[in-house]
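2 protein chains.
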Amino acid sequence: MDRLKKPASPPKVYIEIVGKLREMIEEDGLEPGDKIPSERELSERLNVGRSSVREALRALELLGLIETRRGEGTFIRDFQEHRLVELLGTFFLQDEKVIKDLAETKTIIELDCLRLIASSAADQEIKDFKEWAGSTQFTDEMFFEHAARINPNRLMERIWRVVNSYAGCPADGRFIREKAEYLELIDSLFSRDMEKTLVVYSQKVRKLSNGE
Amino acid sequence: MDRLKKPASPPKVYIEIVGKLREMIEEDGLEPGDKIPSERELSERLNVGRSSVREALRALELLGLIETRRGEGTFIRDFQEHRLVELLGTFFLQDEKVIKDLAETKTIIELDCLRLIASSAADQEIKDFKEWAGSTQFTDEMFFEHAARINPNRLMERIWRVVNSYAGCPADGRFIREKAEYLELIDSLFSRDMEKTLVVYSQKVRKLSNGE
DNA sequence: GAATCTAAGTGGTCTGACCACGTATGTATA
DNA sequence: TATACATACGTGGTCAGACCACTTAGATTC
């Protein structure tokens with residue numbers, strides 16, 4: 001039962017390989033899409049077993065940092081698409097209260113996206129947004145998917161997508177509000193009038209809550 | 001072994017093992033600290049090679065979801081403390097845009113947390129918050145860690161933690177602003193005066209931006 | 001009863017083998 | 001020459017077995 005100090009556990013090989021890969025990528029200036037050495041070559045170059053190389057690669061793959069194509073090789077992925085949030089989500093998102101939090105969070109994030117759009121999206125994009133909304137039949141989800149996409153912050157878009165994928169369990173709210181409200185919302189964005197946006201949006205939320 | 005044809009993309013064994021483990025954890029109600037079956041047992045139970053089991057376990061370990069102790073076994077970790085993110089940070093956080101988005105997102109989420117606190121946290125908690133802030137030496141990160149914790153929405157807290165662990169990898173913002181500003185922020189929460197909170201917070205952000 | 005030794009169990013690593021798949025090479029054909 | 005096909009090679013995907021180092025618990029010994 002003695003809790004004695006642990007001198008220094010020998011570093012795991014696969015962890016070191018992860019580090020080596022990082023260095024390698026940095027030194028060689030490899031970018032998303034580029035190919036990294038084959039498992040066998042890495043195994044030889046680093047003097048480790050191929051299985052250890054694979055453990056490292058598989059871990060990075062699960063993180064979404066690399067992509068492997070059988071018969072072709074291993075490639076660096078677009079890091080902006082790391083799956084961290086999804087993974088954590090799929091692993092422990094079974095709580096009950098979570099459902100309520102999810103809905104709330106979705107609303108919050110959507111508002112954030114609108115804010116970001118109002119404050120720094122290009123006029124043209126908002127214009128396109130309005131045009132799209134005016135000429136298409138869309139659901140609430142589609143509307144905010146569009147908003148998340150044109151918001152200038154990619155990370156916020158990712159967060160929205162994750163939250164949405166969980167919050168939007170098939171059933172609940174696939175309703176379609178009156179298009180006029182959405183158009184009004186876009187107009188408020190275009191005028192960069194955040195005050196107005198907030199009013200319009202919270203009004204929409206209130207309606208939805210009551211309807212539910 | 002059954003070798004069935006999979007015309008579509010053949011699912012990788014280690015990915016399926018990750019899924020099986022998730023189910024296993026859920027069904028058996030395993031919690032942080034609990035031990036999961038040994039690699040050899042999993043290999044046998046799932047009819048897969050031990051190396052494939054290891055690939056899955058190593059990936060989850062790198063994610064910080066499990067912990068392995070040589071000679072003892074593999075254990076579930078406290079998910080809330082997934083600090084794996086820093087890995088991603090050290091790996092590919094060279095992209096300017098990503099860093100900017102991160103900082104911006106962190107600010108946004110923090111504001112959201114403040115909003116949530118102001119709108120529905122218990123008075124007592126805000127009071128405790130203020131007391132803590134008044135009697136402790138804290139960093140900006142600690143302050144918002146506290147805020148994220150007492151905000152009523154657990155999902156928002158989790159998002160903050162993720163974003164924070166990403167954003168706070170280098171030694172950038174370990175600064176300590178004047179305590180008075182933070183106290184003022186809490187006061188604005190207590191008075192449920194979101195207007196004021198926004199002003200105070202954005203003021204803080206502006207200062208930080210300039211300081212940087 | 002306490003200290004010690006021993007065996008079993010577990011993760012850590014390596015090697016070698018086979019498969020499935022993509023691509024490049026080369027050969028045969030039109 | 002140009003196209004089509006066939007083959008060989010390289011790559012990731014997976015498995016099996018073998019060690020090693022370490023922890024734990026049971027058996028043994030004092």
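Going down the list, the sequences are from chains A and B.
If you count by full-length UniProt numbering, then the first sequence holds residues 1 to 212, one letter each, in order.
If you count by full-length UniProt numbering, then the second sequence holds residues 1 to 212, one letter each, in order.
Glycine included, C-beta positions come from ideal geometry on N, C-alpha and C.
For residue i, the three-state DSSP class (helix, strand or coil)
i	result
B:Gly73	strand
B:Thr136	coil
A:Glu184	helix
B:Arg20	Residue 20 of chain B is actually Lys in this sequence, not Arg. Helix, per DSSP.
B:Glu67	strand
B:Glu12	The sequence shown places Lys at residue 12 of chain B, rather than the Glu named in the question. Coil, per DSSP.
Distance between beta carbons of residue j and residue i, contact taken as under 8 Å
i	j	result
B:Gly155	A:Leu102	Note on residue identity: the sequence assigns Leu, not Gly, to residue 155 of chain B. The Cβ separation is near 6 Å, so the contact holds.
B:Lys35	B:Gly73	5 Å
A:Arg58	B:Arg70	The pair is not a contact, with the Cβ atoms about 20 Å apart (cut-off 8 Å).
A:Lys100	A:Leu183	The Cβ separation is near 30 Å, so there is no contact.
Chain B residues whose Cβ lies nearer than 9 Å to that of residue i
i	result
A:Asp34	Here the premise fails: no neighbours, minimum Cβ distance about 12 Å.
A:Met142	Neighbours of A:Met142 on chain B: none; closest Cβ ~23 Å, over 9 Å.
Residue i and residue j closer than 8 Å at C-beta
i	j	result
B:Ile126	B:Phe190	yes
A:Leu114	A:Ala147	yes
residue 215 of chain B	B:Arg149	Here chain B comprises residues numbered 1 to 212, so residue 215 of chain B is not present and cannot be evaluated.
B:Glu39	B:Arg22	no
residue 214 of chain B	B:Ala56	Residue 214 of chain B cannot be examined here, being either before or after the span of chain B that is shown, 1 to 212.
A:Ser52	A:Tyr14	yes
A:Thr105	A:Val163	yes
A:Ile186	A:Ala133	yes
B:Arg45	B:Pro37	yes
A:Arg77	A:Ile66	yes
residue 221 of chain A	B:Leu63	The question about residue 221 of chain A has no answer here: the residues shown for chain A are numbered 1 through 212.
A:Ile108	A:Ile159	no
Chain A contact for residue i (CB, 8 Å cutoff)
i	result
B:Ala59	yes
B:Glu55	yes
B:Leu46	no
B:Val13	no
B:Ser51	yes
B:Arg178	Note that residue 178 of chain B is Glu in the sequence shown, not Arg. Not one chain A Cβ lies under 8 Å of B:Glu178.
B:Lys20	no
B:Cys169	Low confidence applies to B:Cys169: its pLDDT is 44, below 50, so where it sits in the model is not reliable enough to give any reading.
Neighbour flag for residue i against chain B, beta carbons, 8 Å
i	result
A:Glu67	no
A:Asp112	yes
A:Ile17	no
A:Ile108	yes
Interface residues of chain B facing residue i [CB-CB closer than 7 Å]
i	result
A:Asn153	Asp101, Glu104, Thr105
A:Ile159	Ile159
Interface residues of chain B facing residue i [CB-CB closer than 8 Å]
i	result
A:Met24	None at all; the shortest Cβ gap to chain B is about 12 Å.
Within chain A, partners of residue i - CB distance below 8 Å
i	result
B:Ile150	The contacting residues do not exist; B:Ile150 stays about 14 Å from chain A at best.
Proximal residues of chain A, C-beta to C-beta of residue i below 9 Å
i	result
B:Ile76	What B:Ile76 touches in chain A: nothing, since even the nearest Cβ is about 10 Å away.
Any non-hydrogen atom of the ligand GTP within 7 Å of residue i CB
i	result
A:Asp78	Looking at this structure, you won't find the ligand GTP or any other ligand, since it has none at all.
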